[in-house]
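One structure is given below, encoded as structure tokens.
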Amino acid sequence: MNPVWIVDASTVTAFGDNLGQLWQGLMEGRTMVRPVQRFPVKGYHSNSAALIEDLVSSGNQSLIHTMVERVFEKSEKIPVDSYLITATAKSGIDNMEKLYKAGSADTRDILLSALPGIITQKFGLKREGINISAACASSTVALARAAGLIAAGMAESVAVCSLDFITEFVFSGFSALKVMSRGPSRPFDKERSGLSLGDGAVYILLMSSKRAKKENRSHLGSVIGWGIANDAAHITSPAKDGSGLILAVNKSLETAGIKHDSISAINAHGTGTVYNDLMELTAVNSIFRGRNVPVHSIKGAIGHTLGAAGGIEVAIGLKALEEQVIPPTTGFKHPEKGAAGLVSSKPKEISGNYLLTTNSGFGGINVALVLQRDTGV
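Going letter by letter, the sequence shown gives residues 271 to 647 in the working numbering.
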């Protein structure tokens with residue numbers, strides 16, 4: 271397979287509009303989950319989320335336009351011949367709400383196909399690309415697809431952009447499921463009570479190593495393995511035995527050509543819900559057979575950013591490999607069974623070249639990626 275390099279990465283979260291601000295906030299163990307001001311929350315199961323306070327739309331446009339502007343503001347321009355893959359769970363769902371409440375909004379923004387169209391037009395790309403909507407694993411699936419295209423020689427440059435933001439429609443849906451925490455979520459803590467939601471966007475540019483070297487691009491790290499599986503257990507809950515995630519992780523390790531003991535750390539999905547965290551701990555302890563591989567989640571700090579979660583976590587995974595340290599799991603105090611020795615409330619030094627990042631979504635979707643740091647060799 272052709273080597274797959276990541277040459278650019280940028281994030282927009284409640285911590286700020288760049289990866290540096292996000293990394294600093296995570297390392298300090300802070301949370302951006304706050305009382306919601308964007309829409310009324312009276313009567314809902316929770317009143318808090320990690321929202322970007324100054325996120326506003328223009329006229330009849332959806333917030334997706336604003337998010338696109340912000341995530342690309344400090345990034346290198348997408349090469350016009352790049353294959354584009356976008357990922358979003360809800361796209362411009364805010365315009366559906368505008369139609370209902372005010373009777374006026376650009377209906378084109380509501381469609382999932384809106385995002386690739388907006389980015390294609392903005393950068394003058396030669397082809398529009400596709401959007402992947404795979405619930406909360408959307409951007410991870412997109413990155414797996416991007417890596418596969420480059421590895422197989424079907425593309426030299428693939429741009430992946432993912433975003434989702436929290437509206438009252440989204441908030442009310444998770445409230446109805448009774449899976450939201452009343453305060454900031456506490457992944458892998460035995461006293462956790464649910465997830466917190468958050469706004470987020472991410473842009474990652476992948477290239478074949480040959481093209482990246484030719485263009486003198488930065489080498490932030492590589493995607494060397496990927497695996498996707500569906501446990502088909504329930505429409506919203508994961509399989510309790512972790513079978514789907516185990517299959518996805520084993521496939522990613524097989525694609526990478528490495529053994530499980532080569533993994534230095536795991537960036538887990540870690541939503542803070544009772545069933546997700548238990549499932550992940552079951553899967554991790556099954557795959558790594560009692561080995562205390564460091565595990566962390568960033569969702570107690572920035573909330574669950576839905577379709578953008580996996581891409582943001584890949585950007586953090588690259589930074590963790592570069593710095594050889596993983597951030598603390600914000601909100602973690604009392605280990606759930608199976609979490610002791612794995613999850614920590616403090617930054618943890620790691621040693622090695624490989625990091626595993628995983629995500630799971632409604633409908634039984636499970637995705638795993640193996641990242642390799644730039645060793646300079």
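A virtual CB, placed ideally from N, CA and C, is assigned to each residue, including glycine.
Contact under 7 Å by Cβ, residue i with residue j
i	j	result
Ile582	Lys618	no
Lys589	Trp293	yes
Asp364	Thr283	no
Val338	Ile402	no
Tyr545	Ser513	no
Val430	Ala416	yes
Leu467	Ala319	yes
Ala609	Phe458	yes
Pro454	Gly570	yes
Val563	Ile533	yes
Ser316	Arg456	no
Ser630	Asn623	no
Leu419	Ala412	no
Asp511	Leu321	no
Ala421	Met271	yes
Contacts around residue i, its chain only, beta-carbon distance under 6 Å, and the 5 residues preceding and following it disregarded
i	result
Val519	Ile557 and Ala638
Thr281	Leu289, Leu292, Val472, Ile582 and Ala585
Ala502	Gly634
Glu346	Asp278
Phe439	Ile363 and Glu367
Beta-carbon contacts of residue i that lie in its chain and below 7 Å, excluding the five residues immediately before and after
i	result
Phe285	Gln291, Leu292, Gly295, Met302 and Ile572
Thr525	Gly495, Trp496 and Gly497
Lys616	Pro598
Gly491	Ile276, Leu588, Leu591, Leu641, Gln642, Arg643 and Asp644
Glu298	none
Val449	Gly464, Leu465 and Thr543
Ala384	Ile334, Ser361, Gly362 and Arg378
His530	Leu523, Ile557 and Phe558
Asp351	Lys396 and Ser427
Reference residue i; option with closest CA among the options
i	options	result
Gly423	Thr390, Ser451, Ala407 and Ser479	Ser479
Ala405	Phe632, Ala553 and Gly646	Phe632
Gly540	Asp379, Ala412, Glu606 and Ile402	Glu606
Ala375	Leu382, Gly362 and Leu385	Gly362
Val554	Ile436, Thr627, Ala585 and Ser318	Thr627
Ala509	Asp547, Ala579 and Arg462	Asp547
Gly527	Leu419, Ala538, Gln642 and Ser408	Gln642
Gln594	Ile536, Ser427 and Ala357	Ile536
Ser409	Pro386, Ala319, Ala359 and Ile322	Ala359
Arg559	Ile516, His574 and Thr543	Ile516
His574	Pro564, Met477 and Thr600	Thr600
Leu476	Arg304, Phe458, Gly468 and Ser427	Ser427
Leu465	Ala579, Gly608 and Ser488	Ala579
Leu395	Ile348, Glu323 and Ser463	Ile348
Asn500	Ala407, Leu382, Ser488 and Val563	Ala407
Ser332	Leu382, Ser614, Val449 and Glu298	Leu382
Glu323	Phe439, Val306 and Lys368	Val306
Val311	Leu325, Ala446 and Asn272	Ala446
Val341	Gly622, Leu433, Val350 and Leu612	Leu433
Lys392	Tyr370, Glu343, Arg308 and Leu419	Glu343
Ile568	Ile420, Ala538 and Leu576	Ala538
Gly443	Leu576, Lys368 and Glu485	Leu576
Arg308	Glu485, Asn330, Tyr370 and Phe435	Phe435
Leu369	Asn330, Lys484, Arg304 and Ala421	Asn330
Leu325	Asp287, Val350, Pro273 and Asp351	Asp287
Arg462	Phe602, Gly646, Glu485 and Arg481	Phe602
Lys460	Ile474, Asn272, His604 and Phe441	His604
Pro273	Met549, Ile620 and His489	His489
Ile474	Glu485, Asn486, Val613 and Val493	Val493
According to DSSP, residues forming a beta bridge with residue i
i	result
Glu619	Val595
Ile436	DSSP, once it has assigned bridges, lists no residue as partnering Ile436.
Ala357	Ile402 and Ser432
Trp275	Met477 and Ser492
Arg526	The question names Arg, yet the displayed sequence has Ala at residue 526. None; Ala526 has no bridge partner.
Asn629	Val637
Val350	None; Val350 has no bridge partner.
Tyr624	Ile533 and Gln642
Ala499	Asn636
Contacting residues, own chain, Cβ-Cβ under 8 Å from residue i (five flanking each side not counted)
i	result
His335	Ser327, Ser328, Asp379 and Ile388
Arg397	Tyr353, Leu354 and Thr390
Ile400	Leu354, Ile355, Thr356 and Pro386
Ser522	Gly495, Trp496, Gly497, Leu626, Ala638, Leu639 and Val640
His504	Gly634
Ser614	Pro564, His566, Pro598, Thr599 and Phe602
Contact test: residue i Cβ vs the ligand COA heavy atom, cutoff 6 Å
i	result
Ala609	Absence of the ligand COA from the depicted structure is noted, as is the absence of any ligand whatsoever, leaving it without description.
Quiz item: Where are the alpha helix (DSSP H) runs, 4 residues long or more, that stay fully inside the region 536-586, in chain order?
Solution: 544-557 and 569-572
Quiz item: Mind pulling the alpha helix (DSSP H) runs of 4 or more residues that sit fully within the region 410-480?
Solution: 438-446
Exercise. Write down every uninterrupted run of the alpha helix (DSSP H) in the region 301-353 whose length is 4 residues or greater and which is fully enclosed by it, in chain order.
Key: 333-342
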